[in-house]
Structure formats: C-alpha cells, structure tokens
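Here the structure is laid out as structure tokens; the discussion comes afterwards.
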Amino acid sequence: MGAFFVVATWNPAAASTYYTRQRETEYYAGSSEPAGIWYAPAGEFAIVDGSPVDRATFDRLYHARDEDGAPLLEQIRRHKERTPAFDITLSAPRSVGVVWGLAPYDTKRLIEAAQQKAVRATLSMLEREATWARRGRNGAFLEKVALTSATFRHGESRPAQHSDGKVFADPNLHTHCVCLNIATRQSDHTIGGLHSKIIRDFKMAAGATYHAALAHELEKIGFAIDRVGKNGVFEIAGVDDATIRYFSARRQEIEDELAEHGVISGEAAALAGAIAKATRSSKLEGESLRREDVWRDAAQSLGLDTESFADSLRDHSTVLDQQAAERLLSERMAALPANLTEHESVIERRELLRAVAAALVGTSLPAERANVELNCLLSQGAVVEIGRDPLGLPCYSTPEMLAIERNVVEQARRLANQSWLAVDPGALRDRCNASGLTAEQTDAALAATTSSAVAIVEGAPGVGKSTLLAPVVGGYAAAGCRVIATASAWRIANMLRDDLGIEARATASWIARLRAGEKILDSRTVLIVDEAGLLSSRDMGALLDAVTNAGAKIILVGDRRQLQAIGAGPGLDLVARAVEAARVSNIVRQREPWAREAITSFGGGRAAPALEAFADRGLLIEADGAKAAVTAALDAAEQIHAHDRGASVLILAKSNATVAAISRAARERLKEAGIIRGTEVSFTAATPSGHTAQISLAAGDRIRFLGRDDELGVVNGSAATIVNVSETAQSSSDASRILIEADINGRQTTFDPMRLADAQGRPRLGWAYASTVYGSQGLTVDHAIAYLDHSYNRHDIYVAASRARERTTLVLDAKSIDRRLASELPFDQQRDGLVFAEAQRRGWLAERLSRAAPKISTLDVIEGIRPLGRTAERSRERRRELSHEL
C-alpha cells in the first residue's frame, strides 16, 4: 500500500468502508499494524492530540457527522461529490525500512518513534502553510484553519516476486495521514471544507520536510545518512545498493512498467505513481510466517548478519558537530537563491519551503530550522516577496531577477524610442512581392524595418516567419548595414546562415563572445534573433544590453505560444511590454486546410476538436501499451518511406528517455534489414538533458552530435551515418579505444567519441532516429509522427503537430492513459486492467493538451498580470476543484 518514488503522495480518500469495514480495519489497526494516532493539536471535534484512533469516531468524522449523526456541513446535502478526506502518504527511504524490518525490538521502536516525529513535523508544516478553508461566494476568500488527521503507520508493501523467485511483501515503513476535509472557521465558528489544491500542491514541500525531519531523528539515534539526492531523498549509510534493490521488488515491477514507457523513475514520478496505484494486488491471504522471519531469511541469503546488522550501523555512524553543521547549512543557503531562479523568475512559497527543507538533509539539524532559515533569507533580502498568487499566497524572487527583468523592459522601451535607419518601404514591398510573400507577411516585414531600434515579429508555427526575413535582410544589406543572426540551437542558427546568406551563431556563443569583450555589434549592425520565445530573461537582457551599447538594431522573431524558455523568465514577453509585435497568423506550412485549423486549435487551447480532426482522418493511433505505441510509430514511418523514399520523416517524443526507447526499437529493425551491420561498440554517453545513457553503435547507424566540435565541423544537432566502428586495446591500460568512421553530409571523418566527452567523461553523442519536441522547434519536414504521453501540454502539442508539410500522425499509449485515469480514482476503486471508454480517454488527453504553462515574470506578479492563456486555465482548474470542496 506504500508510496513509490514520490515520498509524499496525495489522493482523495476512498469510500468510508475502505477504512472502517472489518477486513480493512484490520489492515489499518489490526494485529500486524499498530492502531492509528490522531494528529489534532487544535483539539477540534473533541479529538485529543496523540490519542489512539477509534473506529467509531473516525467513521463519524470521515462522514462529517456530529455525535448525534447530524451533518457538520450544511453543504453535504447539496454536494454529492464531496471528498470526505485526503490521504497523504509519507514513505521512508527503502534502506530505513530494511533496517527497521531487521532491527531488534529496542532499535525498531526508536526508528518507529523517528518516523512518527517526522510525520508530525510534516503535518505541522502543512497545517501552518497549506491548511485553508474557502469562504464567500464561489470560495473567493480563504481563511486559515486547523488540520485534523488520523495517521496509520504500516510496515510493508504489497507482495511481489524477488530476483531469487521468492514472493513476499518487502519492509516498507510508511504512514497514511488521512486528513479530514472539515475544519472550524474561527471568524464565525462555522465548519467548512479544506482547499484541497493548496494541500496537494504542497506535496513536494511535504516530502522535503519529511526527509529533513526523518534524517535528523535517525541521526539523533546514531544512524548516519548518505546518498542525499533530489528533494532531500537519502539512504542510511552502510546499507548497500544491492540490498536496497533486492528489498525493492515492488519497485522493480514498476521500473519494468516504466521501461515499457521508455522512461526512468527519476524522470517520471507521476507515471510511476500511476502505475503503482493502478497495479495494486491483494495482500497474500493466510500467510503462515511472521513477516520479520521472512525478511530475516531473505537477508541471510544475501549474506547479511541479521543479528548485528541494524545496531552495527549505529555503532559506526558519524554525525557532524554543531559548527560543521552550521557551516554546511550556511553554504547551502547562500547558493539557494541562485539555484531557485535558474529556471524560474518567480518562486512560490511552497517551492521556497521545499528548497530550504531539502537543504537541511545531511546537516544533522532539525527540520524546524526551515522556518528560521526561510525568515533569514527574507530579512537579509536574499529573497524578496513580490506579490501574491491567485490564491493569495506569497510569491518571491531575488533582487537579481527583479533587476534583470526591469532592465529588459527599460532597455526595450529605450530601443523602441531610439531612431534607427529605416528601409525604404516601397523598395521593401517590391522585394516582398518578388519573393511571393503574402500581404500579412509583407506587413510584418515592413514592421520589422521601421526606424525603431527594436522590432518583434510573432506568429504561429508554419506562417513563414523565416521566409519573410529574406527581404528584410536584402533591404538592410542594400542600405549598407551588416545583418547577423542567432537562435538558441546551433542547428537553427546554421539554417539561418544557409537560407539568408549571413553570419549566424547559437545565442550562447554570441553572448560568450560579448562577455569576452569582442566588438560584435556596431551602429550599422542588425541582429536577427530567431525562436526568440525560447530566450530567458537573462539572455534577453544580455542581448539588449549589447545592442544598446553598440547602437545596433535587434529584430526578435518568435512565438510566445510555442515552447517556453528553459532558463528563468519570459524574455520575449518582457520586450512585448514595450514593443508592439507584428503578428502573422496565416499558416502556410501545412498544405491541407484541416491541418492548419487543427494546429490553430491546439495553439488556442482547444485540443478536443483538434484531436477529433486527426482521429477522423485515421491519424490518431491508440496503441495498447508502450511497446505497441513504439511499434505503431515505426510502422507509420516505414509506410511513409515505402510510398516515398525521398520524404523526410521526423519521429517526436517528449523526453530523451522515450526518444532512446524509440531509437532502440528502430535499431533492431535496421539490424534485421541488414542496414546496421558488423562490429558493434558500446559505451556510456550523456543525453541532451545531462542524464547518463548506454549507447551501442555499428556501421549503418545514424548518429546525432550533441555538442559543437569545430575540427569535426559539427554542432549540437548535426547528424551523420556511421561507416565503420572499431575498438582497440590500449597498451598502457586495460581500457580500450573506440574509433568511429562517419559520413557527415558527404564528408568522411574518423574520430574518437571521447573527444566529445563532457565534464563527467561521457561522450555527447546519441542516436538520430527520433527527436525530442524541444529539439524539433524550428524544423520543417514532410511527415511527422508524434508519440504522445501525459506530460505534453499546450506548448508541446502546438510544436509537435506543426512540423510537417504533408501529414502528422499522433500515436498514444492508451493503456498508459487508462492507468493514469485509474490512479485518479479513490484507493478502493483502483485495480489493474481497468479499461476506459474512448471518449473518456480522449477527453482526459484533450484536457492535458489544452493546459498552458507560460513562463511568469516578476513584473507579472507585481502588477497582477496573468500571462498568456493562464487566466482561462486557472479558471477551469478552479471549477474542477470546487466540485470536490466545501
């Protein structure tokens, strides 16, 4: 019943009988598990904090009834879909569960006490920060209320088969916190329901708080921790990874499921949770052995001395002294503001709390220090409150980000008012007509060449933004100006270079040269920035500063509705505050009107009719499982090539791991066809996102370079075909040297992949059989096949569906969506094999594909502005939430 991968999980509670009927009550409070304990510091509903949970009281309050059976909530009569409670599950790291399961009585009780203290610390944080009740019409106002929760500690996961064939339930120490959806509003002493979304959104902060508290309590009783990772996850020092893997059989089952989806658990916590919940099996009936005996026998088969195992870990632990602990925390806190604003300009309070709590793990300091450190950040001005979110909770940023984003707007205003050389409108119009531009494209070209020193050309994917740049370049060149270009990706920059006949580089390269003091711009230079919607606030600020200082002109070409910047802040959106964008809306890339209309619908957040348009034409394939979806995608590509060998085909997926899964399947087909042949070499490589991956290569393989190498003449995104591979032993060591002979656009070269290694010694090299959606922005092909999953949003589908001139095929894993739908049901309704109706499945997917997640700037929060598409999305979410709240 435990949570997997995500330490703090959140679910609507099941029907009351799931918790109160005899069989389930035995699971929660029977002989194999202890009785529940109330968390109720406020003492509401006559509950004594820390007292045992009795069945009758729990059942009554679960149904929001007073002692006479009358409703505590008037709205119960009107809201049949009300959620009576929320189940927040806090799961200890597996090494903690293993040590607990094998420990002698006294040590076991100490670990259980540590777990209970960590649970209370987490609930206390949630009560302080995330427990609110709605008031007023449509819940327009929030009021702080107390939290009442029944906590049930469990010690095992569901039974699973282990690597040696044994089937048993692994030790898995975790606590279910059943938070009642009722609370007393102090303003008038009426009883209302909780705002569920706030509690749900705090689950990552809850996980970090739980980790910090549990680590501290374990260190107090003599255990050391190590392997501290994301969000404060850790393991007990001395419990090796092999032991953890063996006693994680249930997790391995889920990993196998994830492997079918082409993802790993670290990249797909939500999918892992969905699989965990949707594949629950019943507990084994009639077990004759005590679970501790089963665990001890299994541990002994691994060679562990179970008599001394747990206590020996305490005997040899080392805990930081106070001075060293304070120094370590101080270093982490000093780095925290910059880390938090690496990818986002605005820091929500839950994220700030999460980061501070995670920083405590491994310092030996108590979780209560999180509040102290957070307040220090604020009092010292390292982090500043800039406004409130739509729910009224505070939002923060750093002085650096505030200065950067204000500077971007100010620089844009100055450039907009600065007089610059204008291209003769008549001559430019003639150039546009000669190039066959539409009236809309011509108007955009004219807007880009006015006397302003900054211009924005914005438009949907496939409207010909790059095409209209040719007359612009020609006009400025005729006026004696130097035109250069940039784009976030080298591949797109090189396309600009080739298409426009001008110097072009990746944005990071230009910025590095500018910071090195090179005089790249002058008063007769025009800088064209393609895919400007991908620019962060920092990068936009660097370019605008350089343009201003040199007296140059900048033309920003992009689309805020497509993929968002990886870095912090929406650079293009900030400039658009000061500069009116010339909008190009008429799509010209797709040859069929229905496809252009569907893409427009995707971009506008109307995914349902767009999906139907694809389905009506047989271009929406619902496959039964991940493997079937990969097969369908590759079959679709083969059918296109069988019809037209010269057609360009692009297979797209959201994550690098899914792209790798598609690539592995593609290689198997190519091997069977004899296209990939001969000696094969394998080595550890780096993915574009910095993860580690194993890659195998042979003659006939298509590869993609993931970094720039001037000697080889490649940039990030360059592709090549392998002619031959070889591996030779080095005379000076046991290591071998790999040599790859490749054809790069008709030019043959031989290289050692280690010349492309990153700082960790992993070659930046991958297969070129599929691409991520992010890597495809700016590309145009004949046909595209997009592998859809739950992680897509409006920006992703907008880009993925608009790459192809001819046809785009959408492939989705129907079984995966069914699992996601099942995981959203209450616990008692979740089971493996649930199949949902096609309409329900598509409705769920359409809702996901309609969600926008635009970058937010500090100025958006300060001024109360809602970024593109955010208002409607939040309104829909709010309506959904209200149906489950009182």
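Going by full-length UniProt numbering, the first residue of the sequence shown is number 1, and it counts up by one from there.
The beta carbon of each residue, even a glycine, is placed where N, CA and C say it ideally should be.
Heavy atom of the ligand ZN within 8 Å of residue i beta-carbon
i: Gln-418; result: Judged by which ligands are present, the structure shown has none, so any question about the ligand ZN falls away.
Residue from the options with nearest C-alpha to residue i
i: Ala-205; options: Leu-352, Trp-100 and Ala-453; result: Leu-352
i: Thr-190; options: Arg-153, Arg-291, Val-383 and Leu-73; result: Leu-73
i: Val-473; options: Gly-569, Gly-464 and Val-483; result: Val-483
i: Ile-236; options: Gly-97, Ala-118 and Arg-764; result: Gly-97
i: Ala-839; options: Thr-728, Pro-609 and Gly-717; result: Pro-609
i: Gly-222; options: Val-99, Ser-301, Pro-171 and Leu-302; result: Val-99
i: Ala-493; options: Asp-293, Ile-640, Leu-712 and Arg-708; result: Arg-708
i: Ile-244; options: Pro-93, Val-294 and Gly-392; result: Pro-93
i: Arg-794; options: Glu-440, Ala-121, Tyr-396 and Gly-605; result: Gly-605
i: Asp-241; options: Arg-250, Asn-231, Asn-433 and Arg-227; result: Arg-227
i: Glu-219; options: Leu-329, Gly-362 and Arg-109; result: Gly-362
i: Ala-485; options: Ile-511, Asp-87, His-641 and Val-463; result: Ile-511
i: Met-333; options: Thr-750, Gln-380 and Arg-414; result: Gln-380
i: Gln-694; options: Leu-712, Glu-672, Ala-661 and Val-715; result: Ala-661
i: Gln-186; options: Ile-111, Arg-677 and Ala-133; result: Ala-133
i: Val-681; options: Thr-728, Val-714, Gly-717 and Leu-620; result: Thr-728
i: Lys-166; options: Gln-748, Val-579 and Ala-299; result: Ala-299
Local conformation of residue i per DSSP, three classes
i: Ile-47; result: coil
i: Pro-71; result: strand
i: His-691; result: coil
i: Ser-648; result: coil
i: Gln-115; result: helix
i: Arg-23; result: Because the pLDDT of Arg-23 is 34, which lies under 50, any placement of that residue in the model is unreliable, and the question is left without a value.
i: Lys-553; result: strand
i: Glu-622; result: strand
i: Arg-482; result: strand
i: Lys-197; result: helix
i: Tyr-28; result: Here Tyr-28 scores only 38 on pLDDT, less than 50, and its place in the model should not be relied on; the value that follows carries that caveat. Helix, per DSSP.
i: Glu-753; result: Note that residue 753 is Pro in the sequence shown, not Glu. Helix at Pro-753.
i: Pro-52; result: strand
i: Arg-245; result: helix
i: Pro-159; result: strand
i: Thr-9; result: strand
i: Ile-275; result: Low confidence applies to Ile-275: its pLDDT is 47, below 50, so where it sits in the model is not reliable enough to give any reading.
i: Asn-724; result: strand
i: Gln-380; result: helix
i: Gln-564; result: coil
i: Leu-535; result: coil
i: Glu-287; result: Note that Glu-287 has pLDDT 46, beneath the 50 cutoff, so the model's placement of it is unreliable and the number below is only indicative. The answer is coil: DSSP assigns Glu-287 none of H, G, I, E or B.
Length of the line joining the Cα atoms of residue i and residue j
i: Glu-592; j: Ala-636; result: 19 Å
i: Ala-29; j: Ser-312; result: Note that Ala-29 scores a pLDDT of 38, beneath 50, so its modelled location is shaky; the value from the coordinates is reported in the next line. Cα to Cα, the separation comes out at about 32 Å.
i: Glu-344; j: Ala-770; result: 29 Å
i: Thr-9; j: Ile-675; result: 47 Å
i: Gly-533; j: Leu-527; result: 16 Å
i: Arg-737; j: Thr-131; result: 59 Å
i: Leu-810; j: Ala-801; result: 8 Å
i: Leu-611; j: Ala-598; result: 8 Å
i: Gly-761; j: Met-754; result: 7 Å
i: Gly-238; j: Asn-375; result: 36 Å
i: Arg-291; j: Ala-118; result: 24 Å
i: Ala-489; j: Gly-36; result: 56 Å
i: Asn-339; j: Gly-69; result: 52 Å
i: Leu-543; j: Ala-487; result: 12 Å
i: Val-383; j: Arg-851; result: 29 Å
Anticipated Cβ contact below 8 Å, residue i with residue j, distance rounded
i: Ser-689; j: Asn-656; result: 5 Å
i: Ile-456; j: Ala-576; result: 6 Å
i: Val-145; j: Thr-184; result: 7 Å
i: Asp-559; j: Glu-458; result: 6 Å
i: Val-781; j: Ala-804; result: 6 Å
i: Asn-172; j: Gly-207; result: The Cβ separation is near 16 Å, so there is no contact.
i: Ile-88; j: Cys-179; result: 6 Å
i: Ile-347; j: Ser-537; result: That pair is no contact at about 14 Å.
**Asked** Taking the runs of the alpha helix (DSSP H) that are 4 residues or longer, which of them lie wholly in the region 418-446?
**Response** 425-434
**Item:** Secondary structure, alpha helix (DSSP H): runs of 4+ residues fully inside the region 454-503
**Value:** 469-478 and 490-500
**Item:** Completely contained alpha helix (DSSP H) runs for the region 296-345, where each covers 4 or more residues
**Value:** 309-315 and 322-340
**Asked** What are the complete beta strand (DSSP E) segments, minimum 3 residues, inside the region 801-862?
**Response** 804-813
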